[in-house]
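Below is one structure, written out as structure tokens; the observations come after it.
Residue numbers (this note's numbering), protein chains in the order written: chain A, 10 to 263; chain B, 85 to 566.
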């Protein structure tokens, strides 16, 4: 589904990603872990098409297409969803209006007619239930005045509405208490279909108790320094990141 | 990052004006220039009674003593009044007996603007007075309205058919000495709409005037007089467009509203005069005096305006709250893009007891546009219990535009409560990206955000026009974001 080859990225002339290669197959869940500042969020931003991050080398192929050539809205319509670490507030724009516009853009892309108002509202109701989001949130302006937890739940709700092929969740767990974390994770699990994939970016292991990854990567200093099964997450939780840092730094010296 | 942003901004701000066509219609015009003779010629062309000619001449003589106002936050090029045609009318029979008498080219023009002159084809429930350049060409549904005693006709017809009403009310809210452009209008106005709603009548349809400037070098000076007698209600809408021209054209109108006891008037404007091109060449100078008098107790006048057009806008639809318990409202969305300038707002003058006013102003600035809100809330000595609430918001797209706010508050009564709130915000790149990531294009995102921002005001428009206004907002900012 997604193949990243030797991806190098700079922000304001500073090298952030220093050659990342990664393949996500249909149906897989990949976790990307790593200490702060290792480049996790930059990777998510590049995949979603944020322009401040400049790709200097490498390729990203998504469903056989050159992802880096597509504008961000195209990537969305082709099935890439980014769950934002810090969801953006858009005062004055209701969630209903926002989602209706988005869903209909996706439908147009697939050659479908826009949904009628009643079908759309029904869809919203169903998805709200699926992700256990408070129905009042949907009548408010996009993320405006939402608590941290509400914002994250709202990201999962939007993901349920757009039914992505590839979901990229950028630290969706940060700032959540255990109950909210469970709701968010349950939502993700319910939305996932057997052939859709996810990249879960997280600093902590606890989210991975609920969303069980097939593969865990450790990103450090702009490189993937370790890849293994889900047990790696547990090891990191126990031992922290220091041992990996030491290992990498030692290799660099020798 | 900066470069991309500039690119997006310049793309979104380069929307095209859709109504810029010119219709080749046979015109009857007088030579350029302004003098007492020209005033007399206009009056004569319209076969006016002496009292009206006298009114014009007084206004003209007064105007000659006046200077163009310079207090507005606008850069206005010098206007040469000798270079303007003050009367320009489509050639026509004395009066159109039926729709078939109307020049097909003229009919086509209004069709193209979405304002069909045939009643059966018309927007359901809206009566229109269509004004082209200096004259009203057709008023629809006149007869239907007359059945409930409502008078809705061109100003010229009103002068002939209802001289007493015109005489009684004209100039009582905006005297001919009021200001430079009002005096000019009073001297040379050529037509406009007249409306009278009798006692106890709720007008069964929306009334509207559609203003079209077509001829080159022509100024449009029309006046609207709207009288709502006791216990009556009317909702009135005006729209305006003009061809694209490299020269600036002057539009100086007057609107006067009188609301008697328990009467309510809703006056909505969707102003889409040609704004000039991307480099600021051409466009309409829209210098308009609009004022309503809540003369009766419990009367209410509500102004709603969506201002997207004109190179320069100078207008302050106001309410004089004379009757006790009367209410004035002003809801405004003003958009400036490219090189447009707007200095607009309102005046709420509280005279009667327990008078209330609400001001909601939403400015949107894009391109290199400059947008100023200017508003006065004045509470006189005897206005016990007066209340005002003002909210003044500015939204900026890009970093070359400007938003300015000039609120004036004068309170002479201790019991008055006056509130003022103001905010300034910017459409951020992160907001646009967030929308993009959900599959919404940059232009779609701006449309969503701008319409969300302006929703409170758009909701005040009659339903049929709210949708149009939304589209218009999007179009006028098309190709502008940051």
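Just so you know, even glycine gets a beta-carbon here, dropped at the ideal spot from N, CA and C.
Separation of residue j from residue i, as counted between CA atoms
i                      : j                      : result
residue 205 of chain B : residue 264 of chain B : In this prediction, residue 205 of chain B scores a pLDDT of 48, lower than 50, which makes its location untrustworthy; the coordinate-derived value is nonetheless stated afterwards. If you take the alpha carbons of residue 205 of chain B and residue 264 of chain B, they lie about 40 Å apart.
residue 242 of chain B : residue 153 of chain B : 32 Å
residue 241 of chain A : residue 219 of chain A : 15 Å
residue 508 of chain B : residue 448 of chain B : 10 Å
residue 554 of chain B : residue 101 of chain A : 14 Å
residue 127 of chain A : residue 540 of chain B : 24 Å
residue 503 of chain B : residue 363 of chain B : 39 Å
residue 551 of chain B : residue 542 of chain B : 9 Å
residue 129 of chain A : residue 376 of chain B : 43 Å
residue 401 of chain B : residue 343 of chain B : 15 Å
residue 276 of chain B : residue 308 of chain B : 5 Å
residue 97 of chain B  : residue 166 of chain B : With a pLDDT of 43 at residue 97 of chain B, under the threshold of 50, the modelled position of this residue cannot be trusted, and the question is left open.
residue 114 of chain A : residue 531 of chain B : 14 Å
residue 427 of chain B : residue 338 of chain B : 17 Å
residue 252 of chain B : residue 501 of chain B : 35 Å
residue 560 of chain B : residue 392 of chain B : 7 Å
residue 146 of chain A : residue 91 of chain A  : 20 Å
residue 521 of chain B : residue 370 of chain B : 40 Å
residue 290 of chain B : residue 335 of chain B : 24 Å
residue 292 of chain B : residue 460 of chain B : 28 Å
residue 191 of chain A : residue 159 of chain A : 13 Å
residue 413 of chain B : residue 270 of chain B : 26 Å
Amino acids of chain B, ordered along the chain, whose beta-carbon sits closer than 9 Å to that of residue i
i                     : result
residue 57 of chain A : 517, 520 and 521
Partner residues on chain B for residue i, Cβ-Cβ distance less than 8 Å
i                      : result
residue 167 of chain A : 522
residue 171 of chain A : 522 and 523
Any chain B beta carbon closer than 8 Å to residue i
i                      : result
residue 22 of chain A  : no
residue 115 of chain A : yes
residue 86 of chain A  : yes
residue 102 of chain A : yes
residue 110 of chain A : yes
residue 146 of chain A : no
residue 77 of chain A  : no
residue 52 of chain A  : no
residue 91 of chain A  : yes
Interface residues of chain A facing residue i [CB-CB closer than 7 Å]
i                      : result
residue 514 of chain B : 97
residue 478 of chain B : Chain A residues near residue 478 of chain B: none, gap ~13 Å exceeds 7 Å.
One or two residues paired with residue i in a DSSP bridge
i                      : result
residue 91 of chain A  : A:177
residue 398 of chain B : B:371 and B:427
residue 130 of chain B : Beta-bridge pairing links residue 130 of chain B to no other residue.
residue 286 of chain B : B:317
residue 411 of chain B : B:384 and B:440
residue 83 of chain A  : The partner list for residue 83 of chain A (beta bridge, DSSP) is empty, contrary to what the question assumes.
residue 182 of chain A : In the DSSP output, where bridge partners are listed per residue, residue 182 of chain A has none listed.
residue 405 of chain B : B:378 and B:434
residue 124 of chain B : Paired residues: none, contrary to the question.
residue 246 of chain B : The partner list for residue 246 of chain B (beta bridge, DSSP) is empty, contrary to what the question assumes.
residue 99 of chain A  : A:151
residue 69 of chain A  : A:13
Within-8 Å CB hit, residue i to chain A
i                      : result
residue 532 of chain B : yes
residue 375 of chain B : no
residue 537 of chain B : yes
residue 445 of chain B : no
residue 482 of chain B : no
residue 367 of chain B : no
residue 486 of chain B : no
residue 393 of chain B : no
residue 528 of chain B : yes
Per-residue contacts from residue i into chain B (C-beta, under 7 Å)
i                      : result
residue 107 of chain A : 532
residue 82 of chain A  : 520, 523, 524 and 525
Residue i: contacting residues in chain A (beta-carbon distance under 9 Å)
i                      : result
residue 364 of chain B : Chain A residues near residue 364 of chain B: none, gap ~29 Å exceeds 9 Å.
residue 323 of chain B : Chain A residues near residue 323 of chain B: none, gap ~25 Å exceeds 9 Å.
Residue i Cβ short of 7 Å to the ligand ATP heavy atom set
i                      : result
residue 106 of chain A : In the structure shown, the ligand ATP is absent, as is every other ligand, since no ligand is present at all.
Interface residues of the segment 139-159 of chain B facing chain A [CB-CB below 9 Å]
none
Taking Cβ-Cβ distances below 7 Å as the criterion, which residues of the segment 447-472 of chain B are in contact with chain A?
none
Mind listing which residues of the segment 281-293 of chain B have their C-beta closer than 9 Å to chain A's C-betas, in chain order?
none
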